[in-house]
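Working notes for the structure below.
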Amino acid sequence: MANIALSQVQSTAARASAWTRLKSNRNWLGLWFMLPAAAFLILFLAYPLGLGVWLSFTDAKIGRSGIFVGLENYEWLWDDNVFWLSVFNTLLYTVVASVVKFGIGLYLALLLNERMPFKAIIRAVVLIPFIVPTVLSAIAFWWIYDAQFSIVSWTLRHLGLIDGNINFLGDTWNARWSTIFANIWRGIPFVAITLLAGLQTVSPSLYEAATIDGANRWQIFRHVTFPLLTPIIAVVMTFSVLFTFTDFQLIWVLTRGGPVNATHLMATLSYQRAIIGGQLGEGAAISTAMIPFLLAAILLSWFGLQRRKWQQGETND
Amino acid sequence: MTETFASKLVRPGRALKAEALADHSEGMAYLQTLPRRLVTLYLPLGLILIVLLFPFYWMALTAIKPDDQLLDMDRVSPFWTWTPTFKHIYKLLFETQYPLWLWNTMFIAVAATFLSIVASVLAAYAIVRIRFKGAPYAGILIFLAYLVPPSILFIPLSSVVFQYGLFDTPFALILTYPTILIPFSTWLLMGYFKTIPFELEECALIDGASRWQILLKIVLPLAVPGLISAFIFCFTLCWNEFIYALTFLSSTPNKTVPVAIVNEFVDGDIYRWGSLMAGALVGSLPLVILYAFFVEHYVAAMTGAVKE
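Keeping their order, the protein sequence lines are chains A and B.
The opening position of the first sequence corresponds to residue 1 in the numbering used here, with each subsequent residue numbered one higher.
The opening position of the second sequence corresponds to residue 1001 in the numbering used here, with each subsequent residue numbered one higher.
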C-alpha cells in the first residue's frame, strides 16, 4: 500500500516537474511565442510565394486551375515585345528615380542638419509627402499633369517659356519622365529623414578635429561624413530600389501603363495580364521574373556593406 | 524636438542646455555670414519645400474651388480663389458612399494593425529574450519576409484568398496585410526590447513570475514608445496599401478609400476634378492629423526599421 502511494506521489511529482520543465524550456516557449507570426507569414506569404512560382509554370486562368506547361509562359514572354518594353521601363524608372532620390535626399538631409530656426517643424513638414497615401497624392499629380488644365503648362505659358500646353501623360517620353518625377517626389522624404538620422549619430568632435586640421567643407563631407554614413546609405538605398522597382500605385493611377505601354512596369503589366486579362499563369511568370532583379539588388547592397566592414577591419558582426 | 521647442518658450536657460545636448551637428555653422547662409541653406531648402508641398496646396485649393473657375484659367488667376465652396466636400460626404469607404479603410487598418502588433510582440520577445534554438534564423527569415514585395504576391494571393472563401470581404485584407506589417514591426520591436535591461527580467524570474507575466507587466509597459511607433507606422501602411485592395475587393460598398476614389470617381461626372481632389484631401486628413500628434514616433519608426 505504502509503496503504491509513494509511487503515485512520485509519478505526480515527475509529471509536474516535466510540465514545469517544459514550461521553462526555451525552445518550447519560443515555438509558442513565434506561432502567430509564423502562421501569418506561412499561410499568406511563403505559401503564396511558392504558389506564384508554380502558377508561372501552368496555364491557369481566372476561375480555372491550370495544368503544368513547363516553361511555355516564359518562352512566350521571351518573344513578347511589350514584356521587354516593361523590363526596360522598370529599369529606367528604378535607376533614374533611385539616383535622383539619393542625390536630392542626401542634399536635403545635409541642409536639415544645419542650425536654423523652426528646425523641428521643417523636418516634420518634409515628411508629409511620405505619409499621405500614394494613390491620393498621385491623384493630385494627375490633375497637375492634366493635358488641358495643367498648372505647370499654365505657369510656363504665362512666363513665355512655351507656346502650347505640354502633353504630360499623353506622349511616350513625357509620360515616362512625369511618372518618374512623381515617384522621386514621394521618395525623397524617406531618404532624407533616414539619412538625417544617420547624420545625427556622427560625433561633432570629428568635425571639429577635421576643421582644426584645415579640411574644407567638401573634404569634411568626403572623408568624414560619407564614410560614416555608408552603412545607412546601403540600407536606405536597398529599400528605395526595392520599393521603386516594384511600384504599382503611381503608374496605375497616372497612366495605367499607357500611352501605348510606354510606362508599363513589370508590376502593372502582370496585373493587367493576370487580373484584367485573366491569364494568371502569364501574369505570375512576369512577377516571378522580377525576383532575380530584386535578389540582385539585395545582394549588391549586402556585399557592398560586407566589403566596407572588411575594409574597416571589423570581422565580427 | 517639439519638446525642446516648447521648453525654449518657457525656460530659456534650460532650453539652451537641451539644445546643446540635442543639437550637436551644427559644426562651424556660426562662422558663416547671413547672406552666405541665405544662398547655401535657405534658398535651396525653400525651393525643395515648395516642390514637396505644392501638390497638397493644389489638392486643397481644387477641392474648394467652384467648378467654373477650375476650367477657366484665363479670367481668374488659378493660384487662388476668393469664392471658396464646400460643395465638393458636401457632395462627397452626403451624396456618395465615401463615409462607408472611410469606415472600411479605418476598420481594416485598425484590425490588421492590432493582429500584427500582437503577433509581432510575441515574435520579437521570443527572438530577443527567450532566445530559443534557431532564434537568429527566425530573425533573418522575418527580415527577408520584409523584402518580399506585394507586387509579386498579389496574383497567387488572389487565388489563395478565393480558396479560403475570403474574396470581396474585409477579412481578405485584414488577414493579408499582416504579411507586410509583421516583418516591419517585429524588426522595430526587437530593437526596443533589446534596450530593456535584462536584470529587470531576471529579478522577476527569481521572484517566480512566468514569461507571460514578465512580458505583460515588465516588458510591454517599458516598450510603449516602440508600440506606438509600430502602431502608427502599420496604420499608415494599411491606409496606403493599394494593390491588394484593388485585387481582392470587387463590390463598391466594400472598397477602401484609395481604390474607391480611383475607380468610382473617374468616369461619368464631367466636373470630377473638384470631387476627386476633395476625396483625396479628406482621405489624407486622418493620417496627417495622426501624424501631427506623433511625429517623433513616426520618425523613430521609420529610422528604427533601417537601423541594424
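The C-beta atom is built at its ideal place from N, Cα and C for all residues, glycine as well.
- Examine chain B for any beta-carbon lying closer than 9 angstroms to the beta-carbon of D163 (chain A), and answer yes or no. no
- Task: On the DSSP bridge assignment, give the partners of F130 (chain A) in chain order.
- Result: The partner list for F130 (chain A) (beta bridge, DSSP) is empty, contrary to what the question assumes.
- Message: Can you pull the chain B neighbours of L55 (chain A), defined as C-beta to C-beta under 9 angstroms?
- Response: I1155, P1156, S1159
- Query: Residues of chain B with a CB under 9 angstroms from the CB of W218 (chain A): which are they?
  - Reply: Those within 9 angstroms of W218 (chain A) in chain B number zero; the least Cβ separation is about 13 angstroms.
- Hey, S205 (chain A) and I1155 (chain B): beta-carbon distance below 9 angstroms or not? no
- Item | T1113 (chain B), DSSP secondary structure in three states | helix
- Message: Between I180 (chain A) and chain B, is the shortest Cβ-Cβ distance under 9 angstroms, so that the two count as touching?
- Response: no
- In chain B, which residues lie with their C-beta within 9 angstroms of the C-beta of W302 (chain A)? What W302 (chain A) touches in chain B: nothing, since even the nearest Cβ is about 11 angstroms away.
- Query: Sorted by chain position, which residues of the same chain lie with C-beta nearer than 6 angstroms to M290 (chain A)'s C-beta, five sequence neighbours on each side aside?
  - Reply: M266
- Message: Is the beta carbon of M34 (chain A) closer than 9 angstroms to that of I1127 (chain B)?
- Response: yes
- Message: Taking 9 angstroms as the threshold (beta carbon to beta carbon), is N27 (chain A) in contact with chain D?
- Response: Although the question refers to chain D, the structure presented lacks it and instead comprises the protein chains A and B.
- Message: Can you list, in chain order, the residues of its chain with a C-beta nearer than 7 angstroms to that of Y1192 (chain B)? Leave out the 5 residues immediately preceding and following it.
- Response: A1223, G1226
- In three-state terms, what does DSSP make of R26 (chain A)? helix
- Task: Take L1045 (chain B) as the anchor and find which of A:W78, A:W252, A:N113 has the nearest alpha-carbon.
- Result: A:N113
- Output yes or no for whether 9 angstroms exceeds the beta carbon distance between A197 (chain A) and I232 (chain A). yes
- Query: Of all the options B:R1211, B:W1273, B:L1166, which has the alpha carbon lying nearest to the alpha carbon of F977 (chain B)?
  - Reply: The shown model of chain B, from 1001 to 1308, leaves out residue 977 (chain B), and the question about it has no answer.
- Item | Through-space distance from W54 (chain A) to L43 (chain A), alpha-carbon basis | 16 angstroms
- Message: My output table needs one value for I1186 (chain B): the three-state DSSP class, helix, strand or coil.
- Response: Residue identity differs from the one stated: residue 1186 (chain B) is Thr in this sequence, not Ile. It is helical.
- DSSP beta-bridge partners for F68 (chain A)? A:T58
- Message: Quick check on the burial criterion: 16 or more other C-beta atoms within 10 angstroms. Buried or exposed for V1262 (chain B)?
- Response: buried
- Could you name the residues of chain A that G1208 (chain B) contacts, counting a contact when the two beta carbons are closer than 9 angstroms? Those do not exist, as G1208 (chain B) stays about 11 angstroms from chain A at its closest Cβ, beyond 9 angstroms.
- Task: Flag this pair as yes or no: are the beta carbons of V236 (chain A) and T201 (chain A) separated by less than 9 angstroms?
- Result: no
- Query: Is any beta-carbon of chain A found at less than 9 angstroms from that of V1288 (chain B)?
  - Reply: yes
- Message: Does any residue of chain B have a CB that is nearer than 9 angstroms to the CB of V87 (chain A)?
- Response: no
- Item | Simplified DSSP state of M290 (chain A), which is helix, strand or coil | helix
- Looking only at its own chain, which residues have a Cβ that is under 8 angstroms from the Cβ of Y1291 (chain B), when we skip the five neighbours before and after it? I1232, T1236, Y1298
- chain A residues whose Cβ lies nearer than 9 angstroms to that of P1044 (chain B): Y107, L108, L111
- Query: DSSP state of K1087 (chain B), grouped into three classes?
  - Reply: helix
- Inter-residue spacing [alpha-carbon to alpha-carbon] between V1148 (chain B) and P1066 (chain B): 45 angstroms
- Find the residues of chain B that neighbour S137 (chain A), judging by a C-beta separation of less than 9 angstroms, and give them in chain order. P1055, F1056, M1059, A1280, S1284
- Measure the beta-carbon distance from T268 (chain A) to F248 (chain A) and round it to whole angstroms, keeping in mind my assumption that it falls under 8 angstroms. 6 angstroms
- Message: On the DSSP letters alone, give me the boundaries of the alpha helix (DSSP H) that D1068 (chain B) sits inside.
- Response: 1067-1071
- Leaving out the 5 sequence neighbours to the left and right, which residues in its chain are closer than 6 angstroms to E72 (chain A) when beta-carbon positions are compared? none
- Return the chain-ordered list of same chain residues with a C-beta closer than 8 angstroms to the C-beta of F1094 (chain B), the five sequence neighbours on each side being excluded. none
- Could you confirm whether any beta carbon from chain A is found closer than 9 angstroms to the beta carbon of Q1134 (chain B)? One detail in the question is off: residue 1134 (chain B) reads as Gly in this sequence, not Gln. At least one chain A Cβ lies under 9 angstroms of G1134 (chain B).
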